[in-house]
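Going by our numbering, the first residue of the sequence shown is number -18, and it counts up by one from there. I have placed the structure first, in the form of C-alpha cells, so that the comments after it can refer back to it.
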Amino acid sequence: MSKSIVYVHCQYKKSKILNTYDIVGDKIVSDIPFIRVETPNEDFLKKQRAKFVIQSFKNRKKILFTGLIPIGHNYYYGDNVKPNNKKDFLVIYYNSIRSVIHLYIFENRSPRKKADFANDFVYHLGHIGKLPNNI
C-alpha cells in the first residue's frame, strides 16, 4: 500500500435511535454526522452481494448511500456517488456487537479492483497496528 494514498478516518458509535450510529469526536473531520445501517431491499444491491446498506442525510439531503460488500470478518467496502458525480471509495469496519463503525473515506477515488484495494488497505492497517479491534 502506497504511503501517498490519502484517506479520512471517522469513528461512529451506536445511537439511541434504532440502527443509527453517531460520529465520535471532531465533527469537522467528516460531513457525515451519523450513519444508518439497514439490510438491502433493492435487487441491484442484492446482486452486488451487499450484506448491509449504509446511508446518511444532512439538511434533508442524502449525502451517503452504499451497499456494504463483505471482504472479511466485519470488513466491507462500498462507494458513494457525490452530487458532482465523483465517487468516494469506502472501507468500513462494522461490528454490531461492539456497536461501532469505522469509516475510511478515499475521496474522489474509485479503484478498478475494489476488493483487492480494500483488502490491501485492511492489511496495511494491521501492519501499522491501527486495526479497529486494536484501537
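C-beta atoms are modelled at their ideal positions from N, C-alpha and C, and glycine is treated no differently. Computed from a prediction, not measured in an experiment: that's the story for all the values here.
Nearest CA to the CA of residue 90: which residue from 62, 68, 46, 3?
Locating residue 90 in the sequence shown gives position 109, where the first residue counts as 1. Here the closest residue by C-alpha is 68.
Answer yes if the segment 86 to 100 comes into contact with the segment -7 to 7, meaning at least three C-beta pairs across the two stretches below 8 Å, and no otherwise.
These segments do not touch.
In this structure, how does DSSP classify residue 94 when only helix, strand and coil are distinguished?
Translated into the one-based positions of the sequence shown, residue 94 becomes position 113. Three-state result, residue 94: coil.
Between which two residues does the beta strand (DSSP E) containing residue 43 stretch?
Within the sequence shown, residue 43 is the residue found at index 62, counting from 1. 42 to 53 is the span of the beta strand (DSSP E), which, as asked, contains residue 43.
Can you grab the Cα-Cα spacing for the pair residue 50 / residue 57, in whole Å?
Taking the sequence shown and counting its residues from 1, the one referred to as residue 50 is at position 69. Taking the sequence shown and counting its residues from 1, the one referred to as residue 57 is at position 76. Taking the straight line from one Cα to the other gives about 5 Å.
Considering only residues of the same chain and omitting the five flanking positions on each side of residue -8, which have a CB-CB separation below 6 Å?
By 1-based counting over the sequence shown, the position of residue -8 is 11. Excluding residues within five positions, the ones whose Cβ falls inside 6 Å are 5, 83.
Could you compute how far the alpha carbon of residue -14 sits from the alpha carbon of residue 24?
If you number the sequence shown from 1, residue -14 lands on position 5. If you number the sequence shown from 1, residue 24 lands on position 43. Their Cα atoms are separated by approximately 33 Å.
Need the endpoints of the alpha helix (DSSP H) that residue 27 sits in, please.
Within the sequence shown, the letter at position 46 stands for residue 27. That run of the alpha helix (DSSP H) goes 24 to 28.
Using CA atoms only, rank isn't needed, just tell me which of 46, 3, 39, 38 is closest to residue 20.
Against the sequence shown, residue 20 aligns to sequence position 39. The shortest C-alpha separation from residue 20 is found at 46.
Quick one: Cα of residue 78 to Cα of residue 92, how far?
Position 97 of the sequence shown, counted from the first residue, corresponds to residue 78. Position 111 of the sequence shown, counted from the first residue, corresponds to residue 92. Residue 78 and residue 92: Cα-Cα distance of roughly 30 Å.
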